[in-house]
Amino acid sequence: MAGPGPGSGLGPGDGGRRSAPRRQAAREPAARTYARALPVVPVRARGLTIEGADGRRYLDCVSGAGTLALGHNHPVVLDAIRAVLDSGAPLHVMDLTTPVEDAFVTELLRTLPPGLADRARVRFCGPAGTDPVDAAVALARAATGRTRVVTVTEADADADETVLGDSGGDGGPGRERPAGLLLEPVRSEAGVRPVPDGLVRRLRARAADRAVPLIVDETGTGVGRTGAYWAFEHSGVTPDVLVLAKAIGGSLPLAVVVHREDLGEPERTAGAFRGNQLALAAGAATLAHVREHRLAAHAATLGGRMLTGLRALAAEFTCVGDVRGRGLMAGVELVAPDTAPHVTAHGARPGSAAELATAVRRECLRRGLIVDVTGPRANVVRLLPPLIVTEEQMSAVLDRLADAVRAVDRGRPGGPVPLRGRRGPR
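Residue numbers (my numbering): 13 to 438.
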């Protein structure tokens with residue numbers, strides 16, 4: 013493997029690599045949340061495994077916040093990228109039609125239900141996280157002539173009775189009927205909270221009755237992550253507008269909005285980096301591999317095992333609260349006996365649930381496991397292993413996480429808390 017090139021700042025060996033975090037801290041802002049929480053300098057990666065500059069190996073259960081459906085450097089993705097590079101094709105052509113783009117769109121439509129694929133328009137957006145959502149909202153507003161867009165959460169148990177108004181169809185007294193309903197099937201950043209299928213079905217029916225487009229944001233849930241190719245399939249509905257990003261780029265930046273053709277043509281999307289050719293090639297290869305190898309079903313099976321193992325932790329440790337998720341997308345909520353604020357301007361408050369979650373993440377890293385912390389209170393440990401995770405690797409993930417929770421529980425003020433349902437020390 014070739015060494016670092018001139019001007020890289022890295023000398024012989026890995027001394028330069030090991031000092032990279034210190035240089036990064038001096039050069040980049042404190043908003044680098046992952047770099048501060050996970051002090052790892054990755055130098056090689058394959059599948060579920062990352063190797064750091066210090067020679068240590070880690071099991072990566074963050075997967076680029078769900079971007080890496082096939083894990084790191086999957087052969088089919090690398091082959092697709094190499095094929096484009098070796099062909100001499102242009103790498104950046106805005107959104108001009110190319111054979112690479114045509115292949116991506118063809119494969120994408122192949123994965124969608126006929127009710128959407130048969131009358132779909134595919135629109136490429138800038139790769140920033142908000143770009144496809146902004147484009148979907150603009151589309152709904154232009155199509156309906158209305159402005160209010162309602163974001164639905166799993167807490168809206170009566171949302172079908174309130175957000176769309178009564179049978180009069182006008183959105184309720186003094187309330188504009190919404191331009192669209194925006195739904196994320198599993199609210200990952202909110203602490204991995206699936207929206208109940210029954211609620212999704214009710215919203216779909218009432219939205220259709222009132223000519224309100226249903227926008228489903230599959231940025232973090234698409235391409236097999238939840239145990240179905242698209243998370244909306246669990247509820248048996250078909251959205252009017254579909255927001256896609258992360259995994260559809262096969263590890264490279266790509267964002268797409270798919271919508272019914274009768275919704276019209278919104279204003280053109282701004283941004284120069286739409287439809288990057290390498291991302292399109294990597295994305296098409298990923299979409300096809302997940303489909304052909306039935307990796308969504310694999311995610312459902314291994315995800316079920318993961319949730320069972322995580323719920324066993326909740327039964328054993330009082331510091332583990334709710335465990336929730338779908339497929340290979342799970343959240344483990346850490347709880348503390350106090351009710352004081354969990355997170356302050358200076359970080360997690362000592363003894364809080366947020367501090368427990370941070371401690372679990374730290375102990376996982378010491379054991380060679382990379383996990384994330386999310387949720388409005390920063391007290392949910394999130395696991396997003398790639399769809400190619402094996403039974404053996406899943407066992408290792410669960411063992412390392414259990415050992416980390418055990419270490420954190422043992423170090424809590426006052427010593428270990430007795431096992432749930434038992435008396436006396438462990």
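Quick reminder that beta carbons are idealized off the backbone N, C-alpha and C, glycines included.
This one's a predicted model, so the numbers in the text were calculated from it and none came from an experiment.
| query | result |
| --- | --- |
| Secondary structure of residue 136, DSSP reduced to three states | strand |
| 9 Å Cβ cutoff met for residue 4 and residue 396 | Residue coverage of the chain in this structure runs from 13 to 438, which leaves residue 4 outside it and unanswerable. |
| Nearest-angstrom Cα separation, counted from residue 369 out to residue 225 | 38 Å |
| Span of the beta strand (DSSP E) around residue 58 | 54-58 |
| Backbone CA spacing between residue 192 and residue 113 [nearest angstrom] | 29 Å |
| Beta carbon of residue 341 nearer than 9 Å to that of residue 315 | yes |
| Contact the segment 331-348 vs the segment 234-246: 3+ CB pairs below 8 Å | yes |
| Close Cβ partners of residue 233 (< 6 Å) along its chain, the five nearest in sequence each way excluded | 197, 198 and 243 |
| Short Cβ contact (9 Å threshold) for residue 392 with residue 401 | no |
| Integer Cβ distance of residue 377 from residue 236, believed to fall under 8 Å | No, residue 377 and residue 236 are not in contact; Cβ-Cβ is about 27 Å, not under 8 Å. |
| Residue 384, DSSP secondary structure in three states | strand |
| Residue 238 vs residue 132 beta-carbon contact at 9 Å | no |
| Rounded separation between residue 71 and residue 138 - CA only | 31 Å |
| Euclidean distance between Cα positions of residue 297 and residue 147 | 25 Å |
| Three-state secondary structure assigned by DSSP to residue 271 | strand |
| C-alpha gap between residue 366 and residue 327, whole angstroms | 20 Å |
| Contact under 9 Å by Cβ, residue 270 with residue 253 | yes |
| Close beta carbons around residue 286, own chain, < 7 Å, minus the five adjacent residues each side | 106, 107, 136, 137 and 138 |
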